[in-house]
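Undergrad:
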Amino acid sequence: MSRNAIHGWLLLLPAFALLALFTHWPAVATIWDSFHATPRAGKAPPFVGMENYKLMLADEVFWKSLWNNLWYALGTIPLSIALAIVMALWVNSAMRGRTWLRMAFFTPTILPMIAVANIWLFFFTPQYGLLEQVLQPLGFASRNWLGSPETALACVIVVAIWKEAGFFMIFYLAALQSIPPSLAEAASIEGASRAYYFRRVVFPLLMPTTLFVLVNAIVNSVRLVDHIFVMTRGGPNNATSLLLFHVYQVGFNFWDTGYAAALTLVLLVVLALVAIGQFVFLDRKVHYQ
Amino acid sequence: MRRLETTAAWLLGLLWILPLLYAFWTAFHPPEFSTRFALFAPLTLDNFRRAWEAAPFARYFLNSFMLVTMVLAAQLVLCTLAGYAFARFDFPGKDVAFVLVLLQLMIMPDVLIVENYRTMSRLGILDSIPAIGLPYMASAFGIFLLRQTFKTVPRELDEAARVEGANALQVLWKVYVPLARPVYLAYGLVSVSYHWNNFLWPLIVTNSVHSRPVTVGLQVFSSGDQGIDWSVITAATVMTSAPLLMAFLLFQRQFVQSFMRAGIR
Numbered sequence: 001m002s003r004n005a006i007h008g009w010l011l012l013l014p015a016f017a018l019l020a021l022f023t024h025w026p027a028v029a030t031i032w033d034s035f036h037a038t039p040r041a042g043k044a045p046p047f048v049g050m051e052n053y054k055l056m057l058a059d060e061v062f063w064k065s066l067w068n069n070l071w072y073a074l075g076t077i078p079l080s081i082a083l084a085i086v087m088a089l090w091v092n093s094a095m096r097g098r099t100w101l102r103m104a105f106f107t108p109t110i111l112p113m114i115a116v117a118n119i120w121l122f123f124f125t126p127q128y129g130l131l132e133q134v135l136q137p138l139g140f141a142s143r144n145w146l147g148s149p150e151t152a153l154a155c156v157i158v159v160a161i162w163k164e165a166g167f168f169m170i171f172y173l174a175a176l177q178s179i180p181p182s183l184a185e186a187a188s189i190e191g192a193s194r195a196y197y198f199r200r201v202v203f204p205l206l207m208p209t210t211l212f213v214l215v216n217a218i219v220n221s222v223r224l225v226d227h228i229f230v231m232t233r234g235g236p237n238n239a240t241s242l243l244l245f246h247v248y249q250v251g252f253n254f255w256d257t258g259y260a261a262a263l264t265l266v267l268l269v270v271l272a273l274v275a276i277g278q279f280v281f282l283d284r285k286v287h288y289q
Numbered sequence: 001m002r003r004l005e006t007t008a009a010w011l012l013g014l015l016w017i018l019p020l021l022y023a024f025w026t027a028f029h030p031p032e033f034s035t036r037f038a039l040f041a042p043l044t045l046d047n048f049r050r051a052w053e054a055a056p057f058a059r060y061f062l063n064s065f066m067l068v069t070m071v072l073a074a075q076l077v078l079c080t081l082a083g084y085a086f087a088r089f090d091f092p093g094k095d096v097a098f099v100l101v102l103l104q105l106m107i108m109p110d111v112l113i114v115e116n117y118r119t120m121s122r123l124g125i126l127d128s129i130p131a132i133g134l135p136y137m138a139s140a141f142g143i144f145l146l147r148q149t150f151k152t153v154p155r156e157l158d159e160a161a162r163v164e165g166a167n168a169l170q171v172l173w174k175v176y177v178p179l180a181r182p183v184y185l186a187y188g189l190v191s192v193s194y195h196w197n198n199f200l201w202p203l204i205v206t207n208s209v210h211s212r213p214v215t216v217g218l219q220v221f222s223s224g225d226q227g228i229d230w231s232v233i234t235a236a237t238v239m240t241s242a243p244l245l246m247a248f249l250l251f252q253r254q255f256v257q258s259f260m261r262a263g264i265r
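Chains as they are written, first to last, in the working numbering: chain H, 1 to 289; chain R, 1 to 265.
1) Return the chain-ordered list of same chain residues with a C-beta closer than 6 Å to the C-beta of H:Q289, the five sequence neighbours on each side being excluded.
2) Can you tell me the Cβ-Cβ gap for H:A141 and H:A239, rounded? I've got them flagged as a contact below 8 Å.
3) Check H:F35 in the structure and name its three-state DSSP category.
4) Quick one, are the C-beta atoms of R:V205 and R:I143 less than 8 Å apart?
5) State buried or exposed for H:I6, treating a residue as buried only when at least 16 other CB atoms are found within 10 Å of its CB.
6) Measure from the alpha carbon of R:N116 to the alpha carbon of each residue in R:Y22, R:L218, R:P202 and R:I233, then state which is nearest.
7) For a cutoff of 8 Å on Cβ pairs, would you count R:D90 as touching chain H?
8) Taking 8 Å as the threshold (C-beta atoms), are R:N47 and R:S231 in contact?
9) In chain R, what lies closer than 7 Å to H:H246 by C-beta?
10) How long is the line joining the alpha carbons of R:Q219 and H:L55, rounded to whole angstroms?
11) Could you give the DSSP three-state label for H:F47: helix, strand or coil?
12) Decide if R:K174 is buried, meaning its Cβ has at least 16 other Cβ atoms within 10 Å, or exposed.
13) If you count every other CB in all the chains shown that lies within 10 Å of the CB of R:F90, and 16 or more means buried, which is it?
14) Please specify which runs of the beta strand (DSSP E), each continuous and at least 3 residues long, are wholly inside the region 220-249 of chain R, giving them in chain order.
15) Quick one: give me the first and last residue of the alpha helix (DSSP H) that R:Y117 is part of.
16) At the 8 Å Cβ level, is H:Y24 part of the contact set with chain R, yes or no?
17) Is it true that the region 226-233 of chain H meets the region 191-199 of chain H, where meeting means three or more beta-carbon pairs spaced less than 8 Å apart?
18) What are the start and end residues of the alpha helix (DSSP H) that includes H:Q278?
19) Nearest by alpha-carbon distance to R:L43: which of R:A51, R:P30 and R:A166 is it?
20) Taking the alpha-carbon positions, what's the H:V156 to R:R49 distance?
21) What does the alpha-carbon distance come out to for the pair H:L18 and R:L134?
22) Candidates R:V216, R:R212, R:V256 and R:Y136: which alpha carbon is nearest R:L189's?
23) Run the CB neighbour count on R:L105, radius 10 Å, all protein chains shown included, and call it buried at 16 or more, exposed below.
24) In whole angstroms, give me the CA-to-CA distance for H:V336 and R:F61.
25) Can you grab the Cα-Cα spacing for the pair R:L245 / H:I161, in whole Å?
26) According to DSSP, is H:W145 part of a helix, a strand, or is it coil?
27) Find the residues of chain R that neighbour H:G166, judging by a C-beta separation of less than 9 Å, and give them in chain order.
28) Three or more C-beta pairs closer than 8 Å, one from the region 181-190 of chain H and one from the region 105-113 of chain H: is that the case here?
29) I'd like to know whether the C-beta of H:K285 is nearer than 8 Å to at least one C-beta of chain R.
30) For my contact list, R:T215 and H:I114 are in at a C-beta cut-off of 8 Å; report their separation, rounded to the angstrom.
31) Between which residues of its own chain and R:M120 is the CB-CB distance below 7 Å, once the five residues before and five after are set aside?
32) Could you pull out every unbroken alpha helix (DSSP H) segment of at least 4 residues lying fully inside the region 55-129 of chain R, listed in chain order?
33) Please list the partners that H:W162 has in chain R, where partner means a Cβ-to-Cβ separation under 9 Å.
34) Along chain R, which residues have their Cβ under 9 Å away from the Cβ of H:V274?
35) From R:G13 to R:F37, what distance separates their C-alpha atoms?
36) In whole angstroms, what is the alpha-carbon distance linking H:L243 and H:L70?
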């Protein structure tokens with residue numbers, strides 16, 4: 001090996017060792033452990049074949065969490081992306097108070113989810129929460145938003161949208177600022193309406209950003225579960241249990257780590273599918289060069 | 001039409017900031033005003049005093065501070081070295097190694113909690129601050145970001161320094177690192193806010209006051225025997241968010257630009 005090659009590997013080595021230990025090894029170990037029972041009292045866990053997966057198929061909470069997670073993704077992703085585009089267009093326009101608006105939209109991004117979830121919990125509290133105080137004078141019936149299975153997941157989705165939209169806005173803002181102003185001028189000379197200009201010029205130019213944001217949003221819909229811990233703890237009746245939250249409960253409340261590994265593998269498969277999708281659909285230039 | 005749009009934008013902005021305003025209202029007023037709005041309600045810091053006394057927040061803040069410092073320091077060193085290797089060295093297996101690094105963008109430590117917990121337990125470092133930080137120290141995002149930045153440095157600068165007799169590390173330190181300063185700032189802000197706010201992994205891997213960061217401390221506090229003393233919980237919430245919030249309000253432009261820069265790549 002040449003000197004250059006040795007130097008290259010030496011520079012990479014520290015980071016690569018940590019990646020191997022805390023990303024590659026656990027990913028592989030997840031597969032291995034999902035075919036084994038949970039270790040007890042220091043003994044090597046016995047091979048159990050598909051036992052954990054049979055358990056999974058029969059686990060109602062797993063199926064419930066999978067569906068919830070799907071709804072959570074479908075509820076959060078399109079809305080937060082649409083809002084992010086609107087926000088970015090507003091902040092990028094000559095609107096009055098746009099610096100203030102940018103701050104207002106972006107603030108949720110830097111606040112700890114676990115902290116703001118406490119505030120939202122208070123919002124949704126029955127009887128004296130803010131939502132009730134606003135709705136009751138308008139003649140709406142009082143209800144327990146987080147306590148009823150029909151509304152709890154929607155509340156959790158609202159909080160996720162609130163947290164994410166401003167973050168995604170930033171990427172759109174960056175993209176909007178890179179669109180040459182001459183395009184807008186040309187469009188207005190040609191007499192194109194703003195809606196037409198957006199639909200035929202701006203939106204297509206934003207496509208790489210949208211794909212990038214989409215991947216981020218999908219990954220977040222798997223990852224973003226902090227507020228569940230504060231607002232609902234997965235309840236009522238597992239109405240807000242998401243996959244990662246279920247992994248946490250099985251792995252660290254029931255300490256069934258063998259089964260938790262099998263559940264984790266489901267998450268890894270989902271993420272791998274996203275990665276493959278990204279690789280197939282995304283222009284490689286957007287990411288790699 | 002334009003005016004209508006401005007109104008809509010302002011309403012949405014107000015809606016977005018409302019939870020924070022609400023939190024401030026409750027935190028700075030006596031409990032009897034936590035759900036009642038009166039223009040001349042007396043202001044108080046009593047909620048903060050009670051929260052501060054009810055849980056070891058000073059220690060939690062110290063833990064969080066040590067955590068973000070440790071993680072950022074390690075990330076800066078590791079990602080700089082690795083990014084440099086990918087940007088300017090040729091070695092066998094480079095492409096495979098790069099893909100293996102990028103894998104972490106998808107398979108984040110946040111989902112590998114079960115196995116990483118086992119690893120920490122084998123290493124005997126459960127319930128320690130390094131255990132919280134270790135999985136995040138080699139950051140694929142940081143490596144990628146710095147690789148992209150280093151690639152834009154003109155080769156001539158690199159070669160000029162070599163001619164003067166500088167070795168690889170000296171070139172990195174004297175040429176590449178200074179030119180990448182804005183990217184370091186951007187990455188630093190993103191990393192600090194991520195790790196200050198991180199919750200699930202710290203929750204799992206810590207179980208004592210000595211290692212808990214503020215996020216976990218806040219959760220233990222608010223789900224404990226506080227009942228529903230909203231005023232105190234909200235005060236604790238505001239306290240937890242305060243360092244980042246203040247930094248953000250002071251350096252708003254840098255924050256926004258950093259997140260932009262980190263996103264564009």
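Note that the Cβ used here is the ideal one computed from N, Cα and C, for glycine as well.
TA: By the coordinates alone:
1) In this prediction, H:Q289 has a pLDDT of 35, which is less than 50 and means its spatial position is unreliable; what the coordinates show is noted afterwards. Excluding positions up to five away in sequence, the list is empty.
2) In this structure H:A141 does not touch H:A239 by the C-beta definition: roughly 20 Å separates them, more than the 8 Å allowed.
3) coil
4) no
5) So H:I6 counts as exposed.
6) The shortest C-alpha to C-alpha distance from R:N116 to any of R:Y22, R:L218, R:P202 and R:I233 is the one to R:P202.
7) yes
8) yes
9) Correct list: empty, because the minimum Cβ distance to chain R is about 12 Å.
10) 31 Å
11) strand
12) exposed
13) The sequence shown places Asp at residue 90 of chain R, rather than the Phe named in the question. Burial call: exposed.
14) none
15) I113 to L123
16) Inspection of the sequence shows that residue 24 of chain H is occupied by His rather than by Tyr. Closer than 8 Å to some Cβ of chain R, the Cβ of H:H24 qualifies, so yes.
17) no
18) T257 to F281
19) R:P30
20) Looking at the two C-alpha atoms, the distance is approximately 31 Å.
21) One C-alpha to the other measures close to 8 Å.
22) Out of R:V216, R:R212, R:V256 and R:Y136, R:V256 has the C-alpha closest to the C-alpha of R:L189.
23) buried
24) An answer regarding residue 336 of chain H cannot be provided, because it is not within the stretch 1 to 289 covered by chain H.
25) 20 Å
26) coil
27) W16
28) no
29) With a pLDDT of only 46 at H:K285, under the threshold of 50, the placement of this residue in the model should not be trusted, and no figure is reported.
30) Right, their Cβ atoms sit about 5 Å apart.
31) L126, A131 and V205
32) 57-88, 94-106 and 113-123
33) L15, W16 and P19
34) Ordered by position in chain R, the residues that pass the 9 Å Cβ test against H:V274 are M106.
35) 21 Å
36) Cα-Cα distance, rounded: 10 Å.
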